[in-house]
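Chains as they are written, first to last, in the numbering used here: chain A, 1056 to 1433; chain B, 1056 to 1433.
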């Protein structure tokens, strides 16, 4: 088990790792080029700015992807730690550089915790930032078992969900799930630039959610995109093709050409449906096992309102009510489904049954879709 | 003031309007082509499925944009209400059709509440869906003052923030703030289709937020995009140009051509910065007046941790801590800023001051950026 840790780079991620480890009793040493960043992290109780007197068990390099290999080489030359991992969101380029340049590549395993916030810097750090979040490890052909195991220990200390992938597969996937979406959100957000304040009034929650990722630090993201440029370019090329098709359909609809209307509507609806299908295929967020509680009610006026009031009293607010499972027309019974965290579902089912409601409670699909995932390094 | 209301279309928006009005004592009559939708809304306490015996004060047409003019004509022929408004997210096309076809266009004013959820249907309805949300009215050249005033009364009953715009300006803006962003999110989401389950593990909160809007009902959104096709095509064309430039930069970076590197990085960073600037220029969401509390602390180790613990005790969690206002290096004082709802800020400032902390509390800029907005119809 890790007893000492060094964090190089006390930004959002580095400081959050340090806070999580420090709370678990690990001695944490903080290093950063910025004196105020280290000082802030220290004031937060993330560790000490004192350099370690002997090599620590593990050093976490929380620096931009393009800096990983150089910082690793520098710290290995200084003997900062017995093994190293990083938290960069791009893995293949850094791995290639590490294998080419680092003094002891066997002591390094790449890592990427899928957690972040639109805000950056040590003050945005939280010890629970990685709780229940996927944390990918990408061992290289040279990564040693001890180096891999210490990284795995760190993920455990942080409450993360360890996952193992090859660096190339990781980068191809994040280009699709993170890097290209970030750039598309930036394009959408940038289009709003220089508009009259009135347009801001028509910016709803949907726009804010859709563009939140675009608030990420510009310099860091330039480094991320450049380090994964080939994969990102591939996804953007595909998106450009998709956008061209979509634009053709929308333009046809705008000129109201009856000959193309049916086809254009089909193409537009098809795109919207493919998007919905892809999103519905995603497993529920790992943050909570969800379950559902079905309640069958008769069609007496006010009956549903009474059920919802009762349920709300047990913490199942209107947001937990899903569509009716069997919305018959006529006067047949109506089945109302509540979707909420498994633990809360248990309680709700008991309380409602006790209150005389007709309850069916089942655990949800999370057991099937939940994360499997720890593999040993190849 | 409105005493009777009819809601035509008991989906998410229609039922939410009905719930809000019913809770304020208004007699609400519910109409929908789907018997089960009306029945569900009635069971929720949104009103009665009985048709009104005499014309109601106001009828809200909660139907897709392409249906507004036809439904208005049909209901005016039946004498359902003294005046009418709609809630479609496209305003120019429906207004044109109303002026061309409706029996009494003077009794109609277009409306668009900027509220919604990714879920649809009456069971997703909430009486507070419009609380503090902008609700646009787009009076036509024929809209009468009584029709406008009744719609304004309804917005008041729903707790919305009334705004007045011309239908064309509204549509141009929502193409930019809602319709095109929705389609871009659909493109990004659709790209994930048919990928291995492993990729889903690398889908973080950022992707989920960025694509949430793409979950909206495909048929309704096809209708919305078609009804605003010209404006949406304009925004998509601009986005396609931006994407082409971005792709060129990323491709140059992927081939590591040193000659273009500086320019490509500049273009990439420039786009990211324009996106950030546009987002930072947005006023805070209208849902809460925010304020900030600044606390100056000395550099004693643990001092910041103590401040955060104390603040957390008064409801100001880590999330409310903004970047330090003056993060000096060296050992000078550090100013920590908490950003939270105005009311909570008051309390926090008092509590912290009482606890001996060095507090500066100011109301935030919301007074300047907040919505000013009711105008009379032109």
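Every residue, glycine too, gets a C-beta built ideally from N, C-alpha and C.
Separation of residue 1066 of chain A and residue 1074 of chain A (C-alpha to C-alpha, rounded to the nearest whole angstrom) is 12 Å.
By the Cβ-count criterion, residue 1222 of chain A is buried, with 16 or more other Cβ atoms from all chains shown falling within 10 Å of its own Cβ. In the DSSP assignment, residue 1396 of chain A falls within the beta strand (DSSP E) that extends over 1389–1396. The alpha helix (DSSP H) runs of length 4 or more contained entirely in the region 1129–1169 of chain A are, from start to end of the chain, 1147–1156. Assignment of residue 1303 of chain B by DSSP, reduced to helix, strand and coil, places it in the helix class.
Close partners of residue 1236 of chain B in chain A (Cβ separation under 8 Å): 1243, 1261, 1262, 1265 and 1266. Bridge pairing for residue 1352 of chain B: B:1389 [DSSP].
For residue 1306 of chain A, the closest Cβ of chain B is nearer than 7 Å.
Within chain A, the residues whose beta carbon sits less than 8 Å from that of residue 1246 of chain B are 1231, 1235, 1290, 1293, 1294, 1297 and 1333, listed in sequence order. Contact fails between the region 1191–1205 of chain A and the region 1241–1250 of chain A, because fewer than three Cβ pairs, one in each stretch, are under 8 Å apart. If only uninterrupted beta strand (DSSP E) runs of at least 3 residues are considered, those enclosed by the region 1209–1274 of chain B are 1216–1219.
Exposure of residue 1108 of chain B is indicated by the presence of fewer than 16 other C-beta atoms within 10 angstroms of its C-beta.
For a cut-off of 8 Å, the C-beta gap from residue 1289 of chain A to residue 1230 of chain A is around 7 Å, short enough to register as a contact. Residues of the same chain with a CB within less than 7 Å of the CB of residue 1145 of chain A, apart from the 5 flanking positions on each side, are 1120, 1226, 1279, 1282 and 1283 in chain order. 1188, 1189 and 1191: these are the residues of the region 1186–1198 of chain B whose beta carbon lies less than 8 Å from some beta carbon of chain A, given in chain order.
Residues of the region 1314–1325 of chain A with a C-beta atom less than 7 Å from some C-beta of chain B are 1320, 1323 and 1324, listed in chain order. For residue 1192 of chain A, the uninterrupted beta strand (DSSP E) segment begins and ends at 1189–1193. With contacts defined by Cβ atoms closer than 7 Å, residue 1209 of chain A and residue 1302 of chain A do not form a contacting pair. Excluding five sequence positions before and after residue 1081 of chain A, the CB atoms of its chain that fall closer than 8 Å to its own CB belong to 1057, 1058, 1059, 1060 and 1212, given in chain order. At a cut-off of 7 Å between C-beta atoms, residue 1328 of chain A counts as an interface residue with respect to chain B. In the structure shown, residue 1345 of chain B falls within a strand segment according to DSSP collapsed to helix, strand and coil.
Judged by DSSP in its simplified three-state form, residue 1121 of chain B adopts helix.
Within the region 1068–1081 of chain B, no residue has its Cβ closer than 7 Å to any Cβ of chain A. Remark: three or more beta-carbon pairs, one from each stretch, lie closer than 8 Å, so the region 1260–1278 of chain A and the region 1233–1242 of chain A are flagged as touching. A distance of 7 Å or more separates the beta carbons of residue 1277 of chain A and residue 1172 of chain B.
Inter-residue distance for residue 1359 of chain B and residue 1394 of chain B is about 16 Å (C-alpha atoms, whole angstroms). Under the 7 Å criterion on CB atoms, residue 1375 of chain B is classed as non-interfacial with respect to chain A. DSSP links residue 1103 of chain A through a beta bridge to A:1084. Residue 1366 of chain A is bridged by DSSP to nothing; it lacks a bridge partner. Within the region 1146–1169 of chain A, contact with chain B at the beta-carbon level (separation under 7 Å) is assigned to 1169.
Per DSSP, the unbroken alpha helix (DSSP H) holding residue 1071 of chain A starts and ends at 1067–1078.
Listed along chain B are 1253, 1256 and 1257, each with a C-beta nearer than 9 Å to that of residue 1218 of chain A. For residue 1205 of chain A and residue 1137 of chain A, the gap between their C-alpha atoms comes out near 10 Å. A distance below 6 Å between beta-carbons, with the five flanking residues on each side excluded, links residue 1414 of chain A to the following residues of its chain, in chain order: 1350, 1404, 1407 and 1408. Here residue 1091 of chain B is buried, its C-beta having at least 16 other C-beta atoms within 10 Å. Put simply, the region 1290–1301 of chain B touches the region 1294–1312 of chain A. At least three CB pairs are less than 8 Å apart.
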